[in-house]
Each structure stands twice: as C-alpha cells, then as structure tokens.
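Q: Structure in structure tokens, see below.
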Amino acid sequence: MDDLMMANRLRKRRNASKAATGARSAQGSAEEATSSRAKGFMATVCGLAVAAAGSAITIALTDSAPVIKNAFSDELKIHASVTGLDDWWAGATEKKVDPTVGIHLKDEIYHNGPNATLAGRQVVKVVIESGLTSSVTVVGMQAKILRRSPVLSGSLFEVPGQGTAENVQVGIRLDSPLPIARRLKEGNTLQDLTSSYFEEMSEPLKKGAPTVFTIIAFPGRFTYEWELEVEVVSSGVSHIHRIRESDAGKPFKVTGFAPKYSSTFTWNHGRTDEDPWWIHSGTKGRKSPA
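Sequential numbering from 1153 applies to the sequence shown in our numbering.
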C-alpha cells in the first residue's frame, strides 16, 4: 500500500473517533460554561494547569511548541531514551575538525558529546506503562518533523560494530511523506522497512506492566529534529501523546550520511594509553549503517 492510501485510511480512522466523541464534547462544553466562575485557573512556575469538570490539561513549556497532555496522561507513564543496538556508532559535525585535533577527542564527540550529532540512524527506546484499569491500546506511531536541514558534512566519527545487534521490529523513515512506524525485517536497515506496523495490529497495555518499543529512525540525506507521536485509545477515545527524549527534554536529532566529508575518523580499537582515540581515515562518505 502506498503512502497516500495509507494516509487516507489513518485519517478516516481518526475522523471516525472524533465523530464518536463529538456529542460528549458538546455536552461537556456546556457544563463547563455554566460553572467556569467556580473553577478558575491555576498558574504554576512549571506550566499552566486548567481544572475543569471531568478533565485536566497540563501544558509543559518547552523550547518550541507546547506539548499538550490530556488528563488521561496522568495515568500513562511514557519514557523515551536514545540507545544503541550494538557497538556500532557514528556522529557527524557541522564544521570540519582538523585531523591533528580530532584524533585526540573523546567525550566531546563520542555518544552524547556536545560537538557531534548522531549519523546514519537513531535508535529510540520507548517504555509505556498504564495505570488505568480500563482498556488501553496503542494503535499508531509516527514521527512529527519539527525541522529539516541539510546533512552535516564537516567531519564524521565512526565506531565500527563488533557485537551482534538485536532484531528490531519497528522503523521510521523520516524523509517519507508519511513517517509512520513500519515493520522491519532482519537486518535493521532502511531497505528492510516494509508495511505499516499498526495497519493490521495494535498493542494492548496491561496495568502496571511496561510495554517496550525499540524504534530505528532513518534520516536519509537530511538532518532532522523530530518528536514521536503515539496514538492511544482508551474507552473508545483516541489520544495523541507527543514524546521527546525524556532525560534531555529536547527533540530527537539525527543526520544522514554525507557523500563526502572534510575529514573522517575511525575509532582506534587497538589503542594503548599513549595512542590517540581516533584514526584519521580520509574524506569518504557513507551510504548506510554497518
């Protein structure tokens, strides 16, 4: 099924859910209007809470658009973190790093170093736990693209993989017109993406039992800042939860591989205490993760 047909199907499903709850929303609005003076507003340093009959909305102030969570979110714990599959890792910089300097860098570059952005792919682990006794089901996931910019082509730092990667079932192509969660065959590469993961199935959540999704995001030939939207249905009502990296509170960010770099470096696996951390390996770019 192509992206357009799939988008139409997902749109119809969401429209049906909205229609089913329209009457309840209208009745709730009337009740709120008659008692608005008694309810009022409460402002806090962290955000804004609005208390209303049967609902509570929390607006978390962030460095971009506010993330709005329904009252339902208070009983749904979601944690997202950037992780790895194996020993393979790559990071790219916007500006060239001189080889005489780059070979000695470590914490400034490797993993979560401040001077490099993940390159080639980004692995995100999402843990969802429900505290509700009612039925709760995850019915969809997709990336919300916040910013797309040119690929970073200054310098590439790469750690060749030496371990065995776990098999991941979910992948997202960020440069797709419809960046939804798709199934992954064995291999964990862009070429292994197949049909929509939630097209013919859903993931029910059991109270108190964490459900884990490991997702690989592929950036193509661009740099992306993005959030993950998770669609959850409870008691027949659909809720969209927008997720960022939990520990940092920032959008996920990943860059594609450039055809060529000003300088490239490979991790020095055989180094001794006197050796540099990296080996300068030329200027050649990469096509896909190892």
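For each residue, glycine too, the CB sits at the ideal point set by N, CA and C. Keep in mind it's a predicted model, so treat the numbers as computed, not measured.
Take Arg1335 and list the residues in its own chain whose beta-carbon comes closer than 6 Å to its own, dropping the five residues that flank it on each side.
A: Walking along the sequence shown from the start, residue 1335 turns up at place 183. Here the set comprises Thr1346, Ser1347 and Tyr1349.
Q: Grab the span of the alpha helix (DSSP H) containing Val1253 for me, first residue to last.
A: Looking up residue 1253 in the sequence shown gives position 101. It spans Pro1251 to Gly1254 - the alpha helix (DSSP H) in which Val1253 sits, taken as one unbroken run.
Q: Indicate the three-state DSSP secondary structure (helix, strand or coil) for Gln1321 in the structure shown.
A: As a first step, residue 1321 is located in the sequence shown; it is residue number 169 there, counting from the start. Three-state result, Gln1321: coil.
Q: When you compare only the Cα positions, how much space is there between Gly1292 and Asp1425?
A: On the sequence shown, residue 1292 is found 140 positions in, with the first residue counted as 1. On the sequence shown, residue 1425 is found 273 positions in, with the first residue counted as 1. In a straight line, the C-alpha of Gly1292 is about 49 Å away from that of Asp1425.
Q: Tell me the DSSP secondary structure of Glu1377 in three-state form.
A: Walking along the sequence shown from the start, residue 1377 turns up at place 225. In this structure, Glu1377 counts as strand in the three-state DSSP scheme.
Q: Within a Cβ cutoff of 6 Å, which residues of the same chain sit near Thr1418, ignoring the five residues on either side of it in sequence?
A: Residue numbering aside, residue 1418 sits at position 266 when the sequence shown is read from its first letter. Excluding residues within five positions, the ones whose Cβ falls inside 6 Å are Glu1310, Ile1431 and Ser1433.
Q: Applying the 10 Å Cβ sphere with the 16-neighbour rule, what's the burial state of Gln1343?
A: Here residue 1343 refers to the residue found at position 191 when the sequence shown is read from its first residue. Exposed, because fewer than 16 other Cβ atoms sit within 10 Å of the Cβ of Gln1343.
Q: Just curious, the beta strand (DSSP E) that Tyr1262 is in, first and last residue?
A: The sequence position of residue 1262 within the sequence shown is 110, counting from 1. Run containing Tyr1262: none; DSSP gives neither H nor E here.
Q: Could you tell me which whole beta strand (DSSP E) segments of length 3 or greater appear in the region 1379–1405?
A: If we require 3 residues or more, the beta strand (DSSP E) runs fully inside the region 1379–1405 come out as 1389–1395.
Q: Could you check how far apart the C-beta atoms of Val1303 and Thr1375 are, in whole angstroms? I think they sit under 8 Å.
A: Within the sequence shown, the letter at position 151 stands for residue 1303. Within the sequence shown, the letter at position 223 stands for residue 1375. Yes, they are in contact, since the Cβ atoms of Val1303 and Thr1375 sit about 6 Å apart, within 8 Å.
Q: State the DSSP-derived secondary structure class of Leu1342, mapped to helix, strand or coil.
A: Numbered from its first residue, the sequence shown carries residue 1342 at position 190. Reduced to three states, the DSSP call for Leu1342 is helix.
Q: In this structure, does DSSP put Glu1227 in helix, strand or coil?
A: Here residue 1227 refers to the residue found at position 75 of the sequence shown. Helix at Glu1227.
Q: So, is the C-beta of Val1249 closer than 8 Å to a C-beta in chain C?
A: Among the protein chains of the structure shown there is no chain C, as only one such chain exists.
Q: Going straight from the alpha carbon of Gly1306 to that of Val1288, what length do you get?
A: In the sequence shown, the residue the question calls residue 1306 occupies position 154. In the sequence shown, the residue the question calls residue 1288 occupies position 136. Taking the straight line from one Cα to the other gives about 46 Å.
Q: Give me the Cα-Cα distance between Asp1399 and Ser1233, rounded to the nearest whole angstrom.
A: Indexing the sequence shown from 1 puts residue 1399 at position 247. Indexing the sequence shown from 1 puts residue 1233 at position 81. If you take the alpha carbons of Asp1399 and Ser1233, they lie about 7 Å apart.
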